[in-house]
Amino acid sequence: MNTSREKTANLGLLNITPIFSDPIMPSSPIRRFFFPALTKRFFLRLLLLSLACYIIFGHILIPLRIQGMSMEPTYQDGSYALCWRLQFLLSPPKRFDVVTVRFSGRRVMLLKRVVALVGETVEFRNGLLYVNGNPVEEPYVHYRSDWQLPQRTVAPGHIYVVGDNRGTPMARHQFGEVNMNRIVGGVLP
Amino acid sequence: MNNKTVVLILAIVLMVGGAIFFLPSDEKKIRNNLDSLGEYCSTVKDEPLLDALQKVTFAAKLCTDPCKVHIESSQIDHEFGQKEITDRLLMLKKRLSNTTFSFEDTFVDIPGDNRAEVTTTLRLNGESVNGRFTDAYEIQISVEKQDGDWLFSSFTVVEFMKK
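And the structure:
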């Protein structure tokens with residue numbers, strides 16, 4: 003039988019033949035993958051896969067599209083990330099962790115960095131962050147402006163979060179002490 | 015159970031399901047009003063003044079007269095009449111050209127026959143004099159039923175992040 007594969011080989015050309023028009027492989031694994039037989043088993047697998055996707059990407063590893071510049075340059079406007087909800091299941095957020103903070107639900111969230119924990123004091127002097135009265139080195143901050151914020155103590159059950167982009171005026175930047183129950187998870191990558 | 019019974023049961027289930035899905039419930043009416051409010055407040059670039067005026071009038075009609083607005087950080091705690099709402103919204107539209115107002119993560123609680131509480135996230139995407147911006151606020155809205163219409167009676171911005 004003279005198949006298309008043999009024809010291309012005889013011509014001495016590169017053996018690139020269209021997979022789906024090849025009569026020699028009507029039930030090849032690739033073809034079966036793209037055009038599966040509609041059996042009961044197929045529908046069961048489809049149902050389980052859909053359920054797994056819904057649970058994973060709807061509740062555990064939530065895809066995020068970043069809008070805004072409050073976390074630049076770490077997270078650029080228009081980039082993508084994932085919210086890993088199990089990150090703080092066993093241990094609370096640590097300093098410098100990037101967390102997602104929810105509003106009324108999980109469709110719109112803020113991306114912020116933890117800079118101070120419960121009982122610590124936090125303040126800004128000339129744009130520099132001070133925790134417990136000591137200056138904090140923040141290598142992730144590239145844009146800085148003259149932020150001034152008097153000292154305050156983080157209340158129990160709260161953490162203090164700020165965006166990495168300190169180039170915007172303080173009044174236009176959403177940051178501050180937030181209740182732990184507002185923290186949805188960590189951010190990957 | 016013969017085929018006729020199965021078909022009858024299926025038809026009843028479909029009718030009940032369809033009625034539940036398509037008939038407007040109080041919650042659906044409130045959600046629709048919220049979507050309309052977002053649409054009326056949104057602006058397009060170089061929006062004609064007449065269009066803008068018509069939209070803000072429609073937006074004001076979705077609110078009670080007066081309607082209370084409370085924004086603690088801006089020290090706003092004031093009751094606005096319909097005319098004042100129209101004027102303020104028109105000013106806002108002028109300042110924010112090409113801006114989309116949308117409400118996400120909306121939860122509606124209807125504890126009484128004529129009263130409801132809505133918790134939602136207002137999302138703004140657009141342009142101001144300082145360039146492109148994106149912003150979000152959690153808002154609690156009180157809704158009242160007046161003459162069969164659900165109207166927004168108060169807006170409170172929830173400030174969960176304290177500087």
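Here the protein sequences come in this chain order: A and B. For the first sequence, the positions run 3 to 191 when this note's numbering is used. For the second sequence, the positions run 15 to 177 when this note's numbering is used. Backbone N, C-alpha and C fix where the C-beta goes; we use that ideal spot for every residue, glycine too.
Of the residues the options, the one placed nearest residue i, counting alpha carbons only
{"i": "A:Leu190", "options": "A:Pro65, A:Phe45, A:Val116, A:Tyr56", "result": "A:Pro65"}
{"i": "B:Thr78", "options": "B:Asp49, B:Ile99, B:Pro38", "result": "B:Ile99"}
{"i": "A:Leu84", "options": "A:Leu48, A:Met71, A:Leu113, A:Gly178", "result": "A:Leu113"}
{"i": "A:Pro152", "options": "A:Glu139, A:Val133, A:Val110", "result": "A:Val133"}
{"i": "B:Cys55", "options": "B:Arg129, B:Phe121, B:Lys107, B:Leu64", "result": "B:Lys107"}
{"i": "A:Arg174", "options": "A:Ser72, A:Met182, A:Pro141", "result": "A:Ser72"}
{"i": "A:Asn183", "options": "A:Gly159, A:Phe177, A:Arg168", "result": "A:Gly159"}
{"i": "B:Phe117", "options": "B:Phe174, B:Leu138, B:Asp101", "result": "B:Leu138"}
{"i": "B:Val83", "options": "B:Val70, B:Leu67, B:Arg102, B:Ala66", "result": "B:Arg102"}
{"i": "B:Ala73", "options": "B:Gly52, B:Leu63, B:Lys43", "result": "B:Gly52"}
{"i": "A:Met111", "options": "A:Leu91, A:Thr41, A:Glu139, A:Phe177", "result": "A:Phe177"}
{"i": "B:Ser156", "options": "B:Arg146, B:Cys81, B:Gly140", "result": "B:Cys81"}
{"i": "B:Lys75", "options": "B:Asn17, B:Lys97, B:Thr135, B:Thr120", "result": "B:Lys97"}
{"i": "A:Val117", "options": "A:Ser147, A:Leu48, A:Thr155, A:Tyr56", "result": "A:Thr155"}
{"i": "B:Thr71", "options": "B:Ser50, B:Lys159, B:Val27", "result": "B:Ser50"}
{"i": "A:Arg87", "options": "A:Lys96, A:Asn167, A:Leu119, A:Val101", "result": "A:Val101"}
{"i": "A:Glu125", "options": "B:Pro62, B:Lys177, B:Met105", "result": "B:Lys177"}
{"i": "A:Phe98", "options": "A:Gln69, A:Arg127, A:Pro141", "result": "A:Pro141"}
Through-space distance from residue j to residue i, alpha-carbon basis
{"i": "B:Leu48", "j": "B:Asp163", "result": "13 Å"}
{"i": "A:Arg115", "j": "B:Ser142", "result": "27 Å"}
{"i": "A:Met3", "j": "A:Pro38", "result": "Any answer about A:Met3 is weak, because its pLDDT of 41 lies below 50 and its placement is not dependable; what the coordinates show is given next. For A:Met3 and A:Pro38, the distance between alpha carbons rounds to 27 Å."}
{"i": "A:Gly60", "j": "A:Tyr82", "result": "16 Å"}
{"i": "B:Thr148", "j": "A:Glu74", "result": "14 Å"}
{"i": "A:Thr19", "j": "A:Arg34", "result": "Annotation note: pLDDT 48 at A:Thr19 (below 50); position unreliable, no value reported."}
{"i": "A:Glu179", "j": "A:Gly129", "result": "18 Å"}
{"i": "A:Pro137", "j": "B:Ser168", "result": "43 Å"}
{"i": "B:Leu24", "j": "B:Val30", "result": "10 Å"}
{"i": "A:Trp149", "j": "A:Val143", "result": "13 Å"}
{"i": "B:Pro125", "j": "B:Asp40", "result": "12 Å"}
{"i": "A:Leu131", "j": "B:Phe36", "result": "55 Å"}
{"i": "A:Arg109", "j": "B:Val122", "result": "16 Å"}
{"i": "B:Ala11", "j": "B:Ala130", "result": "Any property of residue 11 of chain B remains undetermined from this structure, which presents chain B solely from 15 to 177."}
{"i": "A:Ser6", "j": "A:Ile32", "result": "For A:Ser6, the predicted model reports a pLDDT of 45, less than 50, meaning its position is unreliable; a value from the coordinates is still stated below. Using only the alpha carbons, I get a separation of about 18 Å."}
{"i": "A:Tyr162", "j": "B:Asp65", "result": "44 Å"}
{"i": "B:Glu86", "j": "A:Leu63", "result": "34 Å"}
{"i": "B:Asn112", "j": "B:Glu152", "result": "22 Å"}
{"i": "B:Thr133", "j": "B:Phe166", "result": "12 Å"}
{"i": "A:Thr123", "j": "A:Gly135", "result": "7 Å"}
{"i": "B:Glu93", "j": "B:Asp161", "result": "21 Å"}
{"i": "A:Gly121", "j": "A:Ala157", "result": "6 Å"}
{"i": "B:Glu59", "j": "A:Gln89", "result": "Reading off the sequence shown, one finds Lys at residue 59 of chain B, where the question assumed Glu. Those two C-alpha atoms are separated by around 43 Å."}
{"i": "B:Pro38", "j": "B:Lys159", "result": "15 Å"}
{"i": "A:Arg43", "j": "A:Ala54", "result": "16 Å"}
{"i": "B:Val172", "j": "A:Arg168", "result": "24 Å"}
Coarse secondary structure for residue i, derived from DSSP in three states
{"i": "B:Ile23", "result": "helix"}
{"i": "A:Leu16", "result": "Any reading at A:Leu16 needs caution, since the residue's pLDDT is 45, under 50, leaving its predicted position unreliable; the model's value is listed next. In the structure shown, A:Leu16 sits in coil (DSSP, three-state: anything other than H, G, I, E or B)."}
{"i": "A:Gly165", "result": "coil"}
{"i": "B:Ser116", "result": "strand"}
{"i": "A:Ile64", "result": "strand"}
{"i": "A:Val110", "result": "coil"}
{"i": "B:Arg129", "result": "strand"}
{"i": "A:Gln153", "result": "strand"}
{"i": "A:Glu140", "result": "coil"}
{"i": "B:Glu173", "result": "coil"}
{"i": "B:Gly32", "result": "helix"}
{"i": "B:Glu98", "result": "helix"}
{"i": "A:Leu130", "result": "strand"}
{"i": "A:Glu122", "result": "coil"}
{"i": "A:Leu190", "result": "strand"}
{"i": "B:Ile124", "result": "coil"}
{"i": "A:Asn183", "result": "helix"}
{"i": "A:Gly178", "result": "strand"}
{"i": "B:Arg109", "result": "helix"}
{"i": "A:Arg97", "result": "coil"}
Chain A contact residues for residue i, given Cβ-Cβ distances below 9 Å
{"i": "B:Asp119", "result": "Arg104, Phe105, Ser106, Gly107, Arg108, Arg109, Val110"}
Within chain B, partners of residue i - CB distance below 7 Å
{"i": "A:Asn181", "result": "Phe174"}
{"i": "A:Gly70", "result": "Thr148"}
Contacts that residue i makes with chain A (C-beta to C-beta distance below 7 Å)
{"i": "B:Lys177", "result": "Leu151, Phe177, Gly178"}
{"i": "B:Glu152", "result": "Phe105, Ser106"}
Chain B residues whose Cβ lies nearer than 9 Å to that of residue i
{"i": "A:Arg192", "result": "Only positions 3 to 191 of chain A appear in the structure, and residue 192 of chain A is not among them; the question remains open."}
Contact set between residue i and chain A, taken where Cβ atoms lie within less than 8 Å
{"i": "B:Arg137", "result": "Val110"}
{"i": "B:Thr134", "result": "Ser106"}
### Task
Tell me the start and end of each unbroken alpha helix (DSSP H) in the stretch 58–90 of chain B that is at least 4 residues and wholly inside, in chain order.
Qualifying alpha helix (DSSP H) stretches, in chain order: 63–75.
### Message
Suppose only complete runs of 3+ residues qualify. What are the beta strand (DSSP E) ranges in the stretch 136–167 of chain B, listed by chain order?
### Response
Runs found: 145–160.
### Message
For a minimum of 3 consecutive residues, which ranges assigned as the beta strand (DSSP E) are wholly contained in the stretch 35–88 of chain A?
### Response
Inside the stretch 35–88 of chain A, DSSP marks whole beta strand (DSSP E) runs of 3 or more residues at positions 63–67, 82–86, from first to last along the chain.
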